[in-house]
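S.K.:
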Ligand SMILES: [Fe+2]
């Protein structure tokens, strides 16, 4: 009885441990190289004997091709696998499945490669979801948001951070188990489009830490252990800037120099020069110090 009361007062019972035979979970995609001809696939298995293998084919094809990779170090239980698919065709939909325990394969998922230069594509920005089922009611719309983003079927998903709000949602105990829940929660969209992160203040401060999250996300190398990186999709050059760092003052001069050089490299690609005026505007804004007192005024809730 005492145990039951304690659990109720804590708000929720911890999830029962899953057996090693559980199917693959936390399936998500990312770009680390050319977005029009490659895709990186990440997933977790609790069975540590499962090989890091993916089968893929053009949608509607009859023969699977196989690619193998390795492991990503992370705080999750079991293994986090990573496989790079290459030699893909631009603007083409592929289906794939990942290896599971005992020679099994996951359900089949599908993604769309980025288009060639000059062709349109769709992007979705999503952030500040929190975890579904919060006991204080602050995430009542999260499940619907995940489902709607999945229905939009974008080519790329830009994630703006603040995923778990671990400082006010301790249902899963450790931060790593909390992140595990987040990756399963977003799998409806993360398994079907490259998910490119820009971390928020919650992934940096507030009882969380950058590497807990960054270890789970493949990205291009960029600067400062991938806190800053860039990638191209069609005509658009995206730059991910860990602006949460500016809560402790201005971005370091090394970062400003990296952003400037990165934009200069993008501008040198004649085809995309016309799309960079907006990037330059953001860059100029970043060079201004953050408004004094603003972080304190916003507080820990955002
Ligand atoms: Fe937030």
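Numbering (the numbering used here), first residue to last: 1 to 302.
In this text, a Cβ means the ideal position worked out from N, Cα and C, and glycines have one as well.
1) Could you work out which residue in 88, 102 and 179 is closest to residue 47 when comparing CA atoms only?
2) Taking the DSSP output, what are the residues bridged to residue 205?
3) Are the Cβ atoms of residue 220 and residue 37 separated by less than 7 angstroms?
4) Alpha carbon to alpha carbon, how far is residue 136 from residue 170? Give it in angstroms, no decimals.
5) Only counting runs of 3 or more residues, tell me where the beta strand (DSSP E) segments fall wholly within the segment 47-71, in order along the chain.
6) List the endpoints of the continuous alpha helix (DSSP H) containing residue 210.
7) Residue 125: buried (16+ other C-beta within 10 angstroms of its C-beta) or exposed?
8) For residue 225, count neighbouring C-beta atoms within 10 Å of its own C-beta (all shown protein chains included) and say buried if the count is 16 or more, exposed if not.
9) Counting pairs of beta carbons, one from the segment 142-161 and one from the segment 196-211, are three or more of them closer than 8 angstroms?
10) How should residue 86 be labelled, buried or exposed, when 16 other C-beta atoms within 10 angstroms of its C-beta is the threshold for buried?
11) Mind checking which residues open and close the beta strand (DSSP E) that includes residue 30?
12) Is residue 162 near ligand 1 - that is, is its Cβ less than 6 angstroms away from at least one heavy atom of it?
13) For residue 80 and residue 163, I'd like the C-alpha separation in whole angstroms.
14) Just to confirm the assignment: which complete alpha helix (DSSP H) runs, minimum length 4, are found wholly within the segment 157-242?
15) Kindly examine ligand 1 and report whether one of its heavy atoms sits closer than 6 angstroms to the Cβ of residue 128.
16) Residue 51 and residue 91 - do their beta-carbons sit closer together than 7 angstroms?
17) Three or more C-beta pairs under 8 angstroms: does that hold for the segment 207-214 against the segment 168-186?
18) Would you mind working out which of 264, 78, 110 and 64 sits nearest residue 39, comparing C-alpha positions?
19) Would you grab the beta carbon distance between residue 236 and residue 262 for me? Rounded to a whole angstrom, and I think it's under 8 angstroms.
M.R.: Considering the structure as presented:
1) 102
2) DSSP lists no partner for residue 205.
3) Residue 220 is not a Cβ neighbour of residue 37, given a cutoff of 7 angstroms.
4) 12 angstroms
5) 53-58 and 65-68
6) 210-214
7) exposed
8) exposed
9) yes
10) exposed
11) 25-30
12) Placement of the Cβ of residue 162 at a distance of less than 6 angstroms from at least one heavy atom of ligand 1 is found.
13) Near 19 angstroms, if we compare the C-alpha coordinates of residue 163 and residue 80.
14) 175-185, 187-190 and 210-214
15) Distance from the C-beta of residue 128 to the nearest heavy atom of ligand 1 is below 6 angstroms.
16) no
17) yes
18) 110
19) Actually they are not in contact, since the Cβ atoms of residue 236 and residue 262 sit about 14 angstroms apart, beyond 8 angstroms.
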